[in-house]
Amino acid sequence: MSSPAERMMSRMREYFKRKSPSTTSDPEKSNFVRKESGASSVSSSLLTRLSRKPSSLNGMNENGVVAAVGMTEDPNAQWRKHMEDGHVILTNFRGSRKEAFFGVYDGHGGRAAVESVQKSLHKFFADELSSQAESVIPEQAFAEAYRKTDLVLLENRCLYVGTTSVTCYVSLDENDVRHLHVANVGDARAVLCRDGKGLRLSYDHKASDDLEQKRVCDDGGQIVGRRVNGVLSVSRALGDHAMKKVVLGSPYTRHEVLTSEDPFLILACDGLWDVMSDDDACTVVLETAANSDGKELDVQLASRVLVQLALKRGSTDNVSVMVVLF
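Residue 107 in full-length UniProt numbering sits at position 107 of the sequence shown, and the numbers go up by one each step.
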């Protein structure tokens, strides 16, 4: 007789098979599992594979508020000399199994901003959550954490160095309901797979965006060649203090209540999203999971396949992809 965890894995694989297409006309998106070879650098220590009990669909599984995390990054040496991306994975955030924090950061002009943000943003966020006590509002905590992080970058003289950021906070309330809070600046993106389709939870702050163009111009800047002041392709970032009047560090935020129709979240920099749609990325993960022969859903493999497809499709940037299984 199979164990509860094994029965849970069987149910999850059936979900993925039901949601993923049975056939595809795109040769890139068939037989993903057989296309693992490549130059992607993968840190196995970043992967946590966890079996989930049946009760975990609407609450906390036996290992925490998320089931597994997969992370793959590739500098894309064909186009980039340096790796300027960064990330944070905290599955026991603030010492609680009921909380988790994740972040993907895409630097520009060097690594100074990314390295600072990796060290400080989640700490400021944790401090804000603690200071708000019973009246905690994660969106406000994110806004203040981003503000304080940007001040640190100013103190560090990050005038022409910056980073985009997409962060998420997962928590379990007193009713065992799972909440997902997302904050971002720039074009690093968070996409939730909901009922088999991609639901974007972040906002692409780009110089090509109509609303951001208007804001930049209203604030005294200009858009030249689809870049802010002819320099940056993103209109919001942490750092870049030489243009802080128009390149804001204030984040877009969003809150979603997670259900059994929300199996996973993808966090990635524009190295992925420049060559892949939200729905395509979710389909890749779904098909990779459906083809898995193991008893556990391999989100590490899914993140690796996404990176490899981005490189194959001609991405010209560093590529970082995180897949969080709920």
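Note that CB positions come from ideal geometry on N, CA and C, so glycine has one too.
Contact set for residue i: own chain, Cβ-Cβ below 6 Å, skip 5 residues either direction
{"i": "R313", "result": "V275"}
{"i": "F93", "result": "E99, A100 and F101"}
{"i": "L199", "result": "L192"}
{"i": "W79", "result": "T316"}
{"i": "P75", "result": "M83 and N318"}
{"i": "W273", "result": "R189"}
Where residue i falls: helix, strand or coil (DSSP)
{"i": "T24", "result": "For T24, the predicted model reports a pLDDT of 36, less than 50, meaning its position is unreliable; a value from the coordinates is still stated below. Residue state, collapsed to three classes: coil."}
{"i": "F264", "result": "strand"}
{"i": "K197", "result": "strand"}
{"i": "H181", "result": "strand"}
{"i": "S165", "result": "strand"}
{"i": "G233", "result": "The displayed chain sequence assigns Ser, not Gly, to residue 233. Residue state, collapsed to three classes: coil."}
{"i": "R80", "result": "coil"}
{"i": "G95", "result": "helix"}
{"i": "S135", "result": "helix"}
First and last residue of the uninterrupted alpha helix (DSSP H) at residue i
{"i": "A190", "result": "No alpha helix (DSSP H) holds A190; the beta strand (DSSP E) holding it covers R189 to R194."}
{"i": "R215", "result": "D210 to D218"}
{"i": "T283", "result": "D278 to A290"}
{"i": "V307", "result": "V299 to K312"}
{"i": "H122", "result": "A112 to Q132"}
{"i": "T149", "result": "P138 to E155"}
Beta carbon of residue i nearer than 8 Å to that of residue j
{"i": "P138", "j": "H181", "result": "yes"}
{"i": "H122", "j": "Y105", "result": "no"}
{"i": "V324", "j": "V117", "result": "no"}
{"i": "A183", "j": "P251", "result": "yes"}
{"i": "A268", "j": "S320", "result": "yes"}
{"i": "A113", "j": "E128", "result": "no"}
{"i": "L248", "j": "F326", "result": "no"}
{"i": "K244", "j": "G220", "result": "no"}
{"i": "T316", "j": "V305", "result": "no"}
Residues near residue i in its chain [Cβ-Cβ closer than 7 Å; skip 5 each side]
{"i": "K98", "result": "M60, V65, S171 and L172"}
{"i": "N156", "result": "A112 and S116"}
{"i": "V177", "result": "V257"}
Residue interval of the beta strand (DSSP E) (run including residue i)
{"i": "V104", "result": "E99 to H108"}
{"i": "D270", "result": "Unbroken run through D270 is the alpha helix (DSSP H), D270 to W273; no beta strand (DSSP E)."}
{"i": "D74", "result": "A68 to D74"}
{"i": "T253", "result": "Y252 to V257"}
{"i": "H87", "result": "D85 to L90"}
{"i": "M322", "result": "V319 to L325"}
Proximal residues to residue i (C-beta, below 8 Å), its chain only, five neighbours per side dropped
{"i": "T149", "result": "S116, V117, S120, L121, F124, L238 and G249"}
For this session: For the region 147-165 and the region 228-243, state whether three or more C-beta atom pairs, one from each stretch, are separated by less than 8 Å.
Result: Yes, the region 147-165 touches the region 228-243.
Exercise. Would the region 167-174 and the region 93-103 be scored as touching if the rule is three or more Cβ pairs under 8 Å?
Worked result: The region 167-174 makes contact with the region 93-103; the number of CB pairs closer than 8 Å reaches 3 or more.
Exercise. Are three or more beta carbon pairs between the region 275-287 and the region 183-200 nearer than 8 Å?
Worked result: Flag = yes, the region 275-287 and the region 183-200 touch.
Exercise. Contact between the region 228-235 and the region 249-269: three or more CB pairs below 8 Å?
Worked result: The answer is no - the region 249-269 does not touch the region 228-235, with fewer than three Cβ pairs under 8 Å.
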